Amino acid sequence: MKFSKIGKHTIRCVISEQEIQDLGYTIEEIMSNGERTQEFMNQIFDMAEQSFETKFELGIKTVRADFMSDHTLALTFSEHPGSDEMMEHLKDIVNGLMNAIPQQKWAQINEARQNEGNPDQVPVYATIVFADFDRLLRYAKNIMPPDLPTGQLYKYEDRYMLILTFSGMEEGSLRRLSNLTDEYAQDILVGAERKAFIQEHGICILKNDALQQLRQL
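For the sequence shown, position 29 (counting from the first letter as 1) is numbered 9 according to the working numbering, and the numbering increases by one without interruption.
The structure is reproduced here in structure tokens:
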């Protein structure tokens, strides 16, 4: 297990599956974003504080999980207390996730790009979490049409999960969306693996054009 600190608001932990199991958790529990996930995060923070011999005052808003080629899991825990930080995080989603893609996957990705007729974009996903339907609906109604990303809506453990595709969005649209996300969302989960987990275990409410349909309610 290896810890590193990135700036003032981010902690990174690279941990093997065996080390996760030794702590009493499974990959599925960590990815579920449930009570066991929070327990695991708290334990990681305790260990990070011991490693750095310092006290962290992080109110965690986002968790990013990247599966590495050596079968380890890189967990990046970040706090984003304001819209500027949320903006930077959403920009990371669009511009930075490509670095987490294993090298052997690039051939498949490039082929998929060509098949989609747009070689300049790779789908980049984030799951926006809402504590209740009212906040979700207000979020959707406050997004103007030029800024609407495509998405799906799921329900998982009494929370509403809005899976959005950010590829190709202009920075102005991204900034406006980030401000609304910071105001209304409970959490934001980054990456295709989180998307896949919600799609497998959640209840699908709106399969296509979720934001557009919510705005019509």
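Quick reminder that beta carbons are idealized off the backbone N, C-alpha and C, glycines included.
Every value quoted in this text rests on a predicted model; they were computed, and no experiment measured them.
Note to self: Using C-beta distances below 7 Å, list every residue in its chain close to Asp117, excluding the 5 sequence neighbours before and after it, in chain order.
What the structure shows: The sequence position of residue 117 within the sequence shown is 137, counting from 1. Note that residue 117 is Leu in the sequence shown here, rather than Asp. Excluding positions up to five away in sequence, the list reads Leu194, Leu197.
Item checked: Phe146 (DSSP reduced to helix, strand or coil) -> If you number the sequence shown from 1, residue 146 lands on position 166. Residue state, collapsed to three classes: coil.
Margin query: Taking 6 Å as the limit between beta carbons, can you name the residues of its chain near Ile24, skipping five residues before and five after?
Written below: In the sequence shown, residue 24 corresponds to position 44, counting from 1. Cβ-Cβ distances below 6 Å link Ile24 to Cys(-7) in the same chain, with the five nearest sequence neighbours on each side left out; the list follows chain order.
Next item on the list: In angstroms with no decimal places, state the Cα-to-Cα distance between Arg16 and Met141.
Entry: For the purposes of this step, residue 16 is taken as residue 36 along the sequence shown, with counting starting at 1. For the purposes of this step, residue 141 is taken as residue 161 along the sequence shown, with counting starting at 1. Each residue's alpha carbon lies about 19 Å from the other.
Check: Going along the chain, which residues of its own chain have a beta-carbon closer than 6 Å to the beta-carbon of Asn75, five neighbours each way excluded?
Finding: In the sequence shown, the residue the question calls residue 75 occupies position 95. Summary for Asn75: the model assigns pLDDT 45, below 50, so the residue's position carries little reliability; its value from the coordinates is reported in the next sentence. The beta carbon of Asn75 lies closer than 6 Å to none in the same chain, with the five residues before and after it left out.
Next item on the list: Locate the beta strand (DSSP E) running through Thr(-10), then write down its first and last residues.
Entry: In the sequence shown, residue -10 corresponds to position 10, counting from 1. Per DSSP, Thr(-10) is one residue of the beta strand (DSSP E) stretching across -10 to -4.
Next item on the list: Pull up the CB-CB distance for Leu123 and Leu144, whole angstroms please, since I reckon it's below 8 Å.
Entry: For the purposes of this step, residue 123 is identified with residue 143 of the sequence shown, where counting begins at 1. For the purposes of this step, residue 144 is identified with residue 164 of the sequence shown, where counting begins at 1. First, the amino acid is wrong: residue 123 is Ile here, not Leu. Distance from Ile123 to Leu144 at the Cβ level is roughly 10 Å; contact not present, criterion being Cβ atoms closer than 8 Å.
Checklist line | Reduced DSSP secondary structure (H/G/I, E/B, other) of Thr17 | finding: On the sequence shown, residue 17 is found 37 positions in, with the first residue counted as 1. Here Thr17 sits in helix by DSSP.
Notebook entry, point to check: Pro125 to Gln132, Cα distance in whole Å?
Noted result: Position 145 of the sequence shown, counted from the first residue, corresponds to residue 125. Position 152 of the sequence shown, counted from the first residue, corresponds to residue 132. Cα to Cα, the separation comes out at about 16 Å.
Item checked: Those residues which DSSP pairs with Lys135 across a bridge -> Here residue 135 refers to the residue found at position 155 when the sequence shown is read from its first residue. Under the DSSP definition of a beta bridge, Lys135 partners with Tyr140, Ile183.
Next item on the list: Using a threshold of 8 Å, state whether the C-beta atoms of Ala106 and Leu169 are closer than that.
Entry: Within the sequence shown, numbered from 1, the residue matching residue 106 stands at position 126. Within the sequence shown, numbered from 1, the residue matching residue 169 stands at position 189. Contact flag set, yes.
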